[in-house]
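**Student:**
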Amino acid sequence: MESNERFAQAPGDPYRYGVYLRPDPVTCAAVTAVTSQLRAQYGLVSAGAFPPHATLVGSRHVPGPVEELIDAVSRAVTGVPAFTVHNAGVRHQGVGLVYDVHHLADGVTPNTAFVDLAARIDAAVTPLEAPAPNPAGNPFDADAFRAHLSLLSHDMYVRPDLFAEVEEYVLGLPVPFSDSFPGDTVTLYRTSSEDWTGRWWQTLAWEHVHTWRLRH
Numbered sequence: 043m044e045s046n047e048r049f050a051q052a053p054g055d056p057y058r059y060g061v062y063l064r065p066d067p068v069t070c071a072a073v074t075a076v077t078s079q080l081r082a083q084y085g086l087v088s089a090g091a092f093p094p095h096a097t098l099v100g101s102r103h104v105p106g107p108v109e110e111l112i113d114a115v116s117r118a119v120t121g122v123p124a125f126t127v128h129n130a131g132v133r134h135q136g137v138g139l140v141y142d143v144h145h146l147a148d149g150v151t152p153n154t155a156f157v158d159l160a161a162r163i164d165a166a167v168t169p170l171e172a173p174a175p176n177p178a179g180n181p182f183d184a185d186a187f188r189a190h191l192s193l194l195s196h197d198m199y200v201r202p203d204l205f206a207e208v209e210e211y212v213l214g215l216p217v218p219f220s221d222s223f224p225g226d227t228v229t230l231y232r233t234s235s236e237d238w239t240g241r242w243w244q245t246l247a248w249e250h251v252h253t254w255r256l257r258h
């Protein structure tokens, strides 16, 4: 058996794909610092199980060749200009905490460039998807989309009693982050888990597949 055959990746299960906007290095370091502190102090691992990112489309079951996915996203981002991302700091979202990067500098107006980019990539990826029983699907909804960088997430479904204490802890961390950064780096990651039906973040593994740079 050739070595490239031995180590080839099988298509479909147990893999899921995510297309993410990668922040600037300073913000990536800030996310890593916060999630590492939460792991060290409280054993909370869900947000830190991923590389620092803002999800454009997430956890998509694409059983075909990954080259088709890369080609589809490449066509979707061709000619798309980079845009400025504004970080409003730590905010509540869902059951957890995030850096809010959804809005313009006023902290109120949605950054339509972010939403439009996510919509373009969703339109490119959706035709390649196949149904998967779990985890639950992530259909794109422009009205519900909220760009964010996760700091604390799925662990709070299991330990909601810790939320207030953890929020106080996060707000007290001396972690600098960028108020704004160029939204110019789109990345594709392949994720896997031993059990997508349960606490999948405890066994999550991932690998970087491809990077695109938006036009300046």
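Sequential numbering of the sequence shown, starting at 43, is according to the working numbering.
By construction, the Cβ of each residue, glycine as well, lies at the ideal position given by its N, Cα and C atoms.
1) Exposed or buried, what is Ser88 when buried is set at 16 or more other beta-carbons lying within 10 Å of its beta-carbon?
2) Report the three-state DSSP secondary structure of Thr253 (helix, strand or coil).
3) Can you tell me whether Val137 is helix, strand or coil according to DSSP?
4) Nearest to Asp148 by CA position, among Ala155, Ala130, Ile163, is which residue?
5) Spell out the partners DSSP gives Trp243 in its beta bridges.
6) Look up Val127 in the DSSP assignment and say whether it is helix, strand or coil.
7) For Ala96, which of His134, Tyr141, Thr239 has the nearest alpha-carbon?
8) May I ask whether a heavy atom of the ligand PLP can be found less than 8 Å away from the beta carbon of Glu249?
9) How would you write the range of the beta strand (DSSP E) that Leu194 sits in, first residue to last?
10) Determine the DSSP secondary structure at Phe90, reduced to helix, strand or coil.
11) For the region 245 to 255 against the region 159 to 173, are there 3 or more C-beta pairs whose distance is under 8 Å?
**Tutor:** The relevant details are as follows:
1) buried
2) strand
3) Coil.
4) Ala130
5) For Trp243, no pairing in a beta bridge is given by DSSP.
6) In the three-state reduction of the DSSP assignment, Val127 falls in the strand class, which pools E and B.
7) Tyr141
8) What this structure holds is no ligand at all, so the ligand PLP is not there to describe.
9) 190 to 194
10) Note that residue 90 corresponds to Gly in the displayed sequence, not to Phe. If DSSP states are grouped into helix, strand and coil, Gly90 belongs with the helices.
11) no
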